[in-house]
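The opening position of the sequence shown corresponds to residue 27 in our numbering, with each subsequent residue numbered one higher.
Glycine included, each C-beta is placed from N, C-alpha and C at the ideal position.
Here the structure is laid out as structure tokens; the discussion comes afterwards.
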Amino acid sequence: MAQVAHAKDDFILEPPRRTSIRGRADVVVAGGGPAGLAAAIAAARNGARVILIERYTYLGGLLNMDFSSFPGSSTLGLCFQDIGGNRIVGGITWELVQRLRERGGAVGPVKRTVISNLKGGFLASPHGEFGPKVDSHTLKTVALEMVQEAGIRLLLHTWVVDALMDGGTIRGVMIHSKSGREAILADIVVDATADADVAAAAGAPFDKVPKDQLYRMCVELILANVDTDRARKHLLDHPEQFDYMFLPAADSQIPAEFQAPIWAVVEMGQRGGVKLREDRLAITAGGPRADIMIGFRPGRGSATETLLMSRT
């Protein structure tokens, strides 16, 4: 039990403690998103004893983030194609997509057009396609099945909180869960946390992205009783009001729940909300910006830091 030293101090002293070893493995993977899934399954299929650690209740990471009001609208966390529209995903990840398709949990890719007022760079020309649209519930099930088939030991609701070092060599990780603080020992540690948490804890050098290139914090509003026809018409009639816009092609073969929304992004005021990165291969948020998403479900809309037109 830690004791507070003095009220004036801004720290506490914790006594030495004995930490239980929760497990030992050939490979420990921190993070159960697309990268961590592929790493863990690949290692296990090649005969390694694998422990996969995930802080949430499910696997798949950002692939499950589908803008909530538009299931399947975007496969975040995994880029399926390059800026020329060429598929760059294969192996275990593409196997996951094919399994989802067999279950009716993925469709597409969906053709799209990009309208951009940002001159030059990747937004100046069409991207070609959205990646396949996935159903998050099916994804969670299929990802879990693939992990179980590979014989991976899975720890959910578990955070990696530190690296276990032997000189300059990482020997495992410290974890924290409802069972408290424990240790996992391993010959190889794979950092798939997305934020390089394990690498940083192990003392690896890293560069921090300049503040003006960081992705913005945002709050999403999901609105009901939206006049989606009117809002969609406004977006299409006034593209000059937006910095860029993704327009998915209408496809009667794709169920409504998988249709991608029109996604328009506009700078808020004159504060430099949206601009191209110096290499012109990505956008940055230099200040406040607003996203508007109009899907194919009548009466439902989604907005980030802005409002949509609603029926009166």
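As a quick exercise: from the options, pick the residue whose alpha carbon is nearest that of residue i.
i      : options                        : result
Val76  : Lys166, Leu181, Ala222, Ile47  : Leu181
Ala132 : Val140, Val123, Thr139         : Val123
Glu80  : Val173, Ala228, Thr254, Phe232 : Val173
Arg71  : Ser203, Leu85, Leu273, Glu175  : Glu175
Pro135 : Val160, Glu121, Ala189         : Val160
Leu126 : Leu170, Ile38, Asp213          : Leu170
Ser203 : Pro60, Ala74, Tyr82, Ile38     : Tyr82
Pro60  : Arg48, Thr45, Leu78, Arg43     : Leu78
Ala65  : Phe268, Val216, Arg256         : Val216
Gly130 : Val115, Asp36, Thr167, Ile118  : Thr167
Thr184 : Ala51, Arg50, Val199, Pro42    : Val199
Leu85  : Ala74, Glu128, Arg43, Thr164   : Thr164
Asp52  : Gly73, Pro41, Pro42            : Gly73
Val187 : Gly193, Thr195, Ala226         : Ala226
Arg50  : Ile214, His264, Leu88, Asn112  : Ile214
Gly62  : Gln267, Leu88, Arg43, Phe37    : Leu88
Ala230 : Thr195, Thr254, Asp253         : Thr195
Which of helix, strand or coil does DSSP assign to residue i?
i      : result
Val199 : strand
Arg81  : coil
Thr184 : coil
Asp192 : strand
Pro274 : strand
Glu40  : coil
Lys234 : coil
Arg75  : coil
Ala132 : strand
Asn90  : helix
Ser100 : Reliability fails at Ser100, whose pLDDT of 47 lies under 50, so the model's placement of it is uncertain and no value is given.
Give the C-beta separation of residue i and residue j to the nearest angstrom, bearing in mind that I take them to be a contact with Cβ-Cβ under 8 Å.
i      : j      : result
Ala220 : Gly57  : 6 Å
Ser142 : Tyr270 : 4 Å
Ala212 : Val54  : 4 Å
Leu261 : Thr139 : Rounded, the Cβ-Cβ distance is 13 Å, inconsistent with contact.
Thr45  : Arg197 : The Cβ separation is near 13 Å, so there is no contact.
Ala222 : Phe232 : 6 Å
Ile114 : Ala68  : No, Ile114 and Ala68 are not in contact; Cβ-Cβ is about 17 Å, not under 8 Å.
Ile201 : Arg48  : 7 Å
Ala189 : Val224 : 6 Å
Pro158 : Phe106 : 7 Å
Along the chain, where does the beta strand (DSSP E) that runs through residue i open and close?
i      : result
Ala212 : 206-217
Asp52  : 47-56
For the alpha helix (DSSP H) containing residue i, list its first residue and its last residue.
i      : result
Gly62  : 60-71
Arg127 : 117-128
Leu165 : 162-175
Asp223 : 223-227
His260 : 254-263
Say whether chain C places a C-beta atom closer than 7 Å to the C-beta of residue i.
i      : result
His202 : Judged by its chain identifiers, the structure shown contains no chain C, having just a single protein chain.
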